[in-house]
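Below is one structure; the comments refer to it alone.
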Amino acid sequence: MAGDAKGTPASAANAEATPTAGNARATLTTSADDETRHGSSLTGEPDALRRHLLVFSGSSSSLVQLPPEGTLVIGRAETSDIQLAGGSISRQHARLVVERDRVAIVDLGSHNGTLVNGERVTGARALAPGDTIAIHTATLILHAAHRPAAPAVVEAAVFRQRVEDELDRAVRYERSFTLLVALWPEPVADRRPIEQVLERQLRRIDAAAWSTGGALQVLLAEASTAETEAFVARLRERLEHPGVRIGHAGCPADGADVDALLARAEAAAAGASLGETHGAGRAHEELAIGGQRVIVADPAVIRLYALIDRLAPTDLPILITGETGCGKELAATAVHIRSPRGDRPLVSLNCAAIQETLVESELFGYEKGAFTGAASAKLGLIEAAHGSTLFLDEIGELSPTTQAKLLRVLETQRFTRIGDVRERTVDVRVVAATHRDLRAEVAAGRFRQDLYFRLSGATLQLPPLRERPRELALLAAAFLDEACARGRRSAMRITEGALRALRAHDWPGNVRELRNLMKYLAAAHPGGELTAEHVLERLDPTAGDPAAGAAPDEAAAPASGPPPTFRPLAEEIRELEIARIRAALDATSGNLTRAAALLSMPIRTFSEKVKLHGLTPKKRGAPR
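Sequential numbering from 35 applies to the sequence shown in our numbering.
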């Protein structure tokens, strides 16, 4: 059995009884002092975590006991702490770094690399119990006998890696998780009582960490909304801080980015009253800008409008960049309204909407007789914006001549009307916007570098709508309510299927496209619910149309016989999943690790699905 590559529990026990040379070195690094320091104590703390590696190399398997702390080199060399056979394995291939509450692996510049759960290791990769390390044909699996004294609260870097791993699983296998952020009214002097509460409440698949700002961050893996609420209720019962504010954000509902989810959870906590809990769905602001109601929920957009509040009182020129329809004009309006010039009208010009020959006269004005048709003098927009703000949308479309004249206005606050020789003084602040990359335009010689530097005294970058998933749902609901009210019809509810269809769209027209879509749907569908079919009908007219792509005669021909029937898609996917898992188990004689590898699935996920579908393999020798 000791030579069995499949590694049953019995063979693992035999392998430990007859350790390899590398195994012996790893075991001997544990001293009596270590056992005393990390084991049971008079304080009643839990026993130390006894960690080991189950190693499959060639046709044999072995058990390598890890020390409480230290480093172990994995490689082909005889001096390696864990020696592996194989010409494709480097002499010193990787290093294990073992600490009291953390195990990490570092690739030592090997030629063929080191994989953890199928992903190539770059830098130091934190390991969790059950993680699978692949080094060429050798496989090493980290095991832990039981929970350590303080596994719940880990270092910030370890916590982030755990969240990133959970995010990867959520995206790949359509699973969910929740991030909590807890804020205290005053800095916490003694964190240990809080950590002890977490140790008793969190599962092994969960984790927590303290942020640099003193906030407590908690990962609840595969937690539903109800489970999250139950956890928060239990946590509040046991914490001796009734004023703690808690916010939570879930993946994928509130986003699929680590920083965004943490920011939304913290924003939700910051928006809660003392002793309250808020979900990220309430972490948004409603701004009134130029008579419009603007919903802001994305952390990047929240920070952008906070920056606008700081920039508005100055006279700095501001350049706003972003895709068409993402809200650049609203941002410019906010700059103007919140500035000392806000009591005067904002003067705007869309440089792309006017013929190039007319832009200059629109900006600078002209004298009577300056050109054919100039029957009287005309005030230009620069002069009209005296004491106010001039917003130049799509400034990247200006001609080189107009760029040069605009540069002079910015530098001297003076200009000359067309057909005049007198310079006039003007007090104007310029805010410009463009969907182009002006730095690339400068490099290509299409935009003046000196004008770019003048315009970009401050730069605001607006993210596209597809990168603002929380705002997408809020804006869709607000636009739909607004369209229903204007159409004097009853309100509509957006179903979950419709939200999924909205999130799947790329939104090249951004917020403007979403607003127009909601206006159409409110007018076209009289029902009380907005469904996925309604959304796809407009965004993808060919969706679900069996005649799409067919020849004209085929499309026009009436369908013969009864319409086709379909089974629920989730049911078919479940059956396919069960069949693939059963086939993988049969192919590996019930070895979970090898079966998971055949399906390129993390061993933890594979084991959970085996239990979920009742496919736990029978022990060898048992009748089938």
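Heads up, the beta-carbon is just placed ideally off N, CA and C, and yes, glycines get one too.
Please look up how many angstroms separate the CB atoms of residue i and residue j, rounded, as I've assumed it's under 8 angstroms.
{"i": "residue 282", "j": "residue 213", "result": "7 angstroms"}
{"i": "residue 571", "j": "residue 529", "result": "With 8 angstroms as the limit, residue 571 and residue 529 do not qualify as a contact, their Cβ atoms being about 14 angstroms apart."}
{"i": "residue 544", "j": "residue 357", "result": "6 angstroms"}
{"i": "residue 131", "j": "residue 100", "result": "Incorrect: roughly 11 angstroms between the Cβ atoms, too far for contact."}
{"i": "residue 243", "j": "residue 279", "result": "Their Cβ separation, rounded to whole angstroms, is 18 angstroms, which puts residue 243 and residue 279 out of contact at 8 angstroms."}
{"i": "residue 85", "j": "residue 176", "result": "7 angstroms"}
{"i": "residue 277", "j": "residue 221", "result": "Between residue 221 and residue 277 the Cβ distance is about 13 angstroms, and since that is not below 8 angstroms, they are no contact."}
{"i": "residue 423", "j": "residue 465", "result": "6 angstroms"}
{"i": "residue 677", "j": "residue 441", "result": "Coverage of the chain is limited to positions 35 through 658, which leaves residue 677 absent and any answer about it impossible."}
Pick helix, strand or coil for residue i, following the three-state DSSP scheme.
{"i": "residue 86", "result": "strand"}
{"i": "residue 362", "result": "helix"}
{"i": "residue 100", "result": "coil"}
{"i": "residue 169", "result": "strand"}
{"i": "residue 446", "result": "helix"}
{"i": "residue 239", "result": "coil"}
{"i": "residue 388", "result": "coil"}
{"i": "residue 427", "result": "strand"}
{"i": "residue 187", "result": "strand"}
{"i": "residue 409", "result": "coil"}
{"i": "residue 478", "result": "coil"}
{"i": "residue 642", "result": "helix"}
{"i": "residue 161", "result": "strand"}
{"i": "residue 111", "result": "coil"}
{"i": "residue 323", "result": "strand"}
{"i": "residue 460", "result": "coil"}
{"i": "residue 655", "result": "Low local confidence applies: a pLDDT of 45 at residue 655 is under 50, so the model's placement there is unreliable, and no value is given."}
{"i": "residue 298", "result": "helix"}
{"i": "residue 61", "result": "Because the pLDDT of residue 61 is 30, which lies under 50, any placement of that residue in the model is unreliable, and the number read from its coordinates should be weighed accordingly. Three-state result, residue 61: helix."}
{"i": "residue 79", "result": "Since pLDDT at residue 79 reaches only 34, below the 50 mark, its modelled position is unreliable, and the value read off the structure follows with that caveat. DSSP places residue 79 in coil when its eight states are reduced to three."}
{"i": "residue 222", "result": "coil"}
{"i": "residue 569", "result": "helix"}
{"i": "residue 195", "result": "helix"}
{"i": "residue 393", "result": "helix"}
{"i": "residue 502", "result": "coil"}
{"i": "residue 335", "result": "helix"}
{"i": "residue 149", "result": "strand"}
{"i": "residue 455", "result": "coil"}
Could you name the residues of the same chain whose beta carbon sits closer than 6 angstroms to that of residue i, not counting the 5 residues immediately before and after it, in chain order?
{"i": "residue 122", "result": "146, 170"}
{"i": "residue 590", "result": "Unreliable positioning characterises residue 590 in this predicted model, as indicated by a pLDDT of 38, which lies under 50. The coordinate reading is nonetheless provided below. Excluding sequence neighbours, residue 590 sits near nothing in its chain."}
{"i": "residue 149", "result": "168"}
{"i": "residue 491", "result": "350, 351"}
{"i": "residue 436", "result": "393, 394"}
{"i": "residue 172", "result": "91, 118"}
Quickly, what does DSSP pair residue i with across the bridge? List them, please.
{"i": "residue 178", "result": "85"}
{"i": "residue 553", "result": "Answer by DSSP bridge pairing: none, since residue 553 is not bridged."}
{"i": "residue 468", "result": "355"}
{"i": "residue 282", "result": "214, 313"}
{"i": "residue 564", "result": "528"}
{"i": "residue 137", "result": "132, 161"}
{"i": "residue 494", "result": "354"}
{"i": "residue 383", "result": "426"}
{"i": "residue 117", "result": "109"}
{"i": "residue 244", "result": "250"}
{"i": "residue 400", "result": "412, 452"}
{"i": "residue 519", "result": "Per DSSP, none; premise fails for residue 519."}
In its own chain, which residues sit with a C-beta less than 7 angstroms from the C-beta of residue i, not counting the 5 before and 5 after it?
{"i": "residue 107", "result": "114, 115, 126, 129"}
{"i": "residue 606", "result": "none"}
{"i": "residue 388", "result": "396"}
{"i": "residue 310", "result": "279"}
{"i": "residue 500", "result": "540, 541"}
{"i": "residue 359", "result": "543, 544, 545, 546, 547"}
Looking only at its own chain, which residues have a Cβ that is under 8 angstroms from the Cβ of residue i, when we skip the five neighbours before and after it?
{"i": "residue 9", "result": "With the chain represented from 35 up to 658, any question about residue 9 goes unanswered, as that position is not in the structure."}
{"i": "residue 323", "result": "364, 367, 368, 371"}
{"i": "residue 616", "result": "649"}
{"i": "residue 157", "result": "140"}
{"i": "residue 565", "result": "529, 531, 532"}
{"i": "residue 458", "result": "417, 448, 449, 450, 451"}
{"i": "residue 456", "result": "450"}
{"i": "residue 478", "result": "none"}
Can a CB atom of chain B be found closer than 9 angstroms to the CB of residue i?
{"i": "residue 509", "result": "The chain inventory of the structure shown lacks chain B, comprising one protein chain alone."}
*With a cut-off of 8 angstroms, do at least 3 Cβ pairs link the region 498 to 511 to the region 364 to 374?*
no
*the region 515 to 532 touching the region 396 to 403, judged by at least three CB pairs closer than 8 angstroms*: no
_Would the region 327 to 336 count as touching the region 427 to 447 if we require 3 or more Cβ pairs under 8 angstroms?_
No, because fewer than three Cβ pairs between the region 327 to 336 and the region 427 to 447 fall closer than 8 angstroms, the two stretches do not touch.
*Is there contact here, the region 448 to 456 with the region 297 to 316, by at least three beta-carbon pairs under 8 angstroms?*
no
*Hey, is the region 289 to 304 in contact with the region 194 to 214, meaning 3+ C-beta pairs nearer than 8 angstroms?*
yes
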